[in-house]
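Structure, as structure tokens:
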Amino acid sequence: MGLIVTPALVVRRADYSDYDRMVTLFSPDIGRIDAIARGCRRPKSPLVNAVEPFTSGEFQLYERRERYTLEQCQISEDYYALRTDYEKLCHGVYWLKLLDAAILPNTPAPALFITTLRALAHLNWGELPPELVTMAFEMHFMALNGFAPRMDACLRCGRPIDGDARFDPAQGGAVCLHCPSNAAKITNGARRILMKLPRTKFDKFQLLDGHPDWPEAARHFRSYVNLKMHMEKFAPALYQ
Ligand SMILES: [Zn+2]
């Protein structure tokens, strides 16, 4: 019980009553926080901008019996460019849906928080294709949630894979070409991206710009994310 100050990102908001909203925050220290923002729909409320999705900053909350009330927010970034570019916005909204599905109350997730802010910075200010940034975010997001697919050895026979293979999204990994499988083929280049990207620092994904295999890697990985996270409705349909 008491006052809490934490950095956070607004993941979701919903109207609650005439003047209030419920807001879902992602805090690196606490995880998911569902808070009520009283009066934030009044035009002159100091909280009016603090409850917009993508807003990040320092949030001051009051907690009583696991119920949170948003008191104040010092906004550090609103990602305005992202919110006014339809294509970028579609990607960003999809990321927030992924976060909304993954973050849990009282479950700190500092690495995921930092990765999310890095990814948002690239999407907002960067010149790279949004599809590429989304792929990098998805791969790190899944790895940080313990869902990195196994790409270095065959899921069936266990033998190391060093070349073209198949990718089985339902089983979560690669299958060698000697084992029976109906899974789609994956080139060696795309397989290596799935294997390596989540293990490198987030910003390294920029090196893939111009790499011929990343669209294929993104397509395979999207099918995996959709299956694991049930995201078909929200995922940008860019890889058909
Ligand atoms: Zn095999």
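Read in my numbering, the sequence shown has 103 at position 117, and its numbers run on one by one without any break. Where is the CB? At the ideal position from N, CA and C, for every residue including glycine. These numbers come from a predicted model, not from an experiment.
query, result
"Endpoints, beta strand (DSSP E) assigned at residue 125", "From DSSP, residue 125 is part of no beta strand (DSSP E) but of the alpha helix (DSSP H) over 116 to 130."
"Segment limits, alpha helix (DSSP H) that includes residue 11", "That residue, residue 11, is in no alpha helix (DSSP H); its beta strand (DSSP E) goes 7 to 13."
"Burial state of residue 80 (16 or more Cβ within 10 Å)", "buried"
"Rounded C-alpha distance that separates residue 122 from residue 82", "15 Å"
"Sub-7 Å separation of residue 151 and residue 177 beta-carbons", "yes"
"Heavy atom of ligand 1 within 6 Å of residue 142 beta-carbon", "yes"
"Complete runs of the alpha helix (DSSP H) confined to the region 31 to 91 [at least 4 residues]", "66 to 69 and 72 to 88"
"Neighbourhood of residue 155 by C-beta distance below 6 Å, restricted to the same chain and skipping five residues each side", "209, 210 and 213"
"Residue environment, residue 53, which counts as buried when at least 16 other CB atoms sit within 10 Å", "exposed"
"C-beta neighbour in chain D for residue 167, strict 7 Å", "The chain inventory of the structure shown lacks chain D, comprising one protein chain alone."
"Of the residues 149, 85 and 153, the one placed nearest residue 120, counting alpha carbons only", "85"
"Length of the line joining the Cα atoms of residue 34 and residue 7", "10 Å"
"Per DSSP, the bridge partner or partners of residue 18", "12"
"Counterpart residues of residue 161 in DSSP-defined beta bridges", "152"
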